[in-house]
C-alpha cells in the first residue's frame, strides 16, 4: 500500500557567507567571537542609521548564481520583510523578495546510481537574525549573528525521496566550499536546511497538505526527519485523518518531528522596497568579469580523465582540503600522485591525528 504514495519535497537552504564584514555594516563577521561583542547600531536598526551594501557578498552571490546556471538580475533590489520576534531586533529583515539576484537554475545530483536535474527557483541575499540559545526556562540571545550575510537557495518541489534531499544538500555544500563563499557546516549553523514536504497518491497532480520542518542541522537528521514525516502522512491518509498545515522541528532524542505551530494561512510579512537602499544597476561586463573556481563535478571529470578511480575522485571532491592539497602537488603523473596521497599521506594524517591543510 505504501508504494502507492508519492513524496514531494522542496528545500530552502540558508547559507552564511564568509565575508569579512556583515551584510549592511562594517562590523566584523566572525563565528567564534565572544557573545554580543560584534554589534552595530545598523544591524540593530537604531534610528538614524543607514545600511550600506557589502560588495563582497554580491560578488559571491553572483558566483553561486553562475555555478547553479541561473539568470542573474542586472539590478540589485532589497526589500523589508516585516515581523516581530526576539531574534530580530529591528522588527524587519532586509531581503530580496521581489527581485532575487538569481533565478531559474539547476543542479545535478546522483542518487541510487542515477543522475537527476533539480530545478532551483531562486537565490536571494538577506541578513541573518540573532542567535537564540535556550537554557531551561531562559532564552539567551547572541546579537553577533544579527546582520551576518546569508544567501537563501530555494528549490522547486522536484525532490522525491530522503536520499535525493541529502544528495541535493551535499551538492550545495560542495559547491559553496569549492567557490570559497561559505564553510557550509550544518553543525555550526552556517548551512541550515528547511524541508517543505507533502504526500499524494501516485498518479495525481494535486499536492497534499504541506508541512515545513525547520532548521535541520545534519544530513542524518534530514534523512530521518523526512522518512518519519513521510510515514506519518501515509498512515494518516490510510486512516482517513486530516493532515494539518504546520511548522515542525526535529527532536533528536525522540528521532521524530514535533509540532512548533499550526499554519492556517500564509503569513503576511507586508513586504515593501527598503527605502534606505537605492537600486543599483549591475554592469554586464562587471558580471562577466566575475570568475568562478572549478566546480566539484568538473574536478571529478578532470581526475577521471587521468585514470584516477572513481572512489578516489569522490573522496577528493567530498573534502575540499584533499582537493586543494592534491592540486598543489607538482608532479606530471596525476594518477600516481593521488595513489600516493591515499596510500601514504592519509594514513600518516590519521596516525598523527592532524588535518590535511592546503
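Numbering (our numbering), first residue to last: 2 to 359.
Ideal Cβ placement from N, Cα and C applies to all residues, glycine included.
Here the structure is a predicted model, which is why all the values come from computation and not from measurement.
- Here residue 177 is not near residue 188, since their CB atoms are 8 Å or more apart.
- About 7 Å separates the Cβ atoms of residue 54 and residue 25, confirming a contact at the 8 Å cut-off.
- Residue range 335–341 is occupied by the alpha helix (DSSP H) that includes residue 338, with no beta strand (DSSP E) assigned at that position.
- Look at residue 59 here: in three-state DSSP terms it is helix.
- Between residue 150 and residue 58 a beta carbon distance of about 4 Å is seen, short of the 8 Å cut, so the two are scored as contacting.
- Annotated as distal: residue 83 and residue 292, with beta-carbon spacing of 8 Å or more.
- In the DSSP assignment, residue 81 falls within the unbroken beta strand (DSSP E) covering 80–83.
- In the DSSP assignment, residue 166 falls within the unbroken alpha helix (DSSP H) covering 163–180.
- The criterion of a C-beta distance shorter than 8 Å is satisfied by residue 165 and residue 112.
- Under the 10 Å beta carbon count, residue 306 is surrounded by fewer than 16 other beta carbons and is classified as exposed.
- In this chain, the beta strand (DSSP E) harbouring residue 194 covers 192–202.
- Distances from the alpha-carbon of residue 182 to those of 207, 349, 310 and 16 put 16 closest.
- Note on geometry: alpha-carbon atoms of residue 102 and residue 88 lie some 25 Å from one another.
- Here the C-alpha atom of residue 39 lies approximately 36 Å from the C-alpha atom of residue 212.
- Annotated three-state conformation of residue 71 is coil, per DSSP.
- Of all alpha-carbon atoms in 217, 194, 216 and 277, the one lying nearest the alpha-carbon of residue 51 is that of 277.
- For the pair residue 303 and residue 311, the Cα-to-Cα distance works out to about 11 Å.
- Membership of residue 346 in any alpha helix (DSSP H) is not indicated, and neither H nor E is assigned to it by DSSP.
- Contact holds between the stretch 156–174 and the stretch 3–12, because three or more Cβ pairs, one in each stretch, are under 8 Å apart.
- DSSP places residue 263 outside any alpha helix (DSSP H); the residue lies instead in the beta strand (DSSP E), whose first and last residues are 257–263.
- Using a Cβ-Cβ distance cut-off of 8 Å, the stretch 234–254 and the stretch 202–212 are in contact, since at least three pairs of beta carbons, one from each stretch, lie closer than that value.
- In the structure shown, residue 288 falls within a helical segment according to DSSP collapsed to helix, strand and coil.
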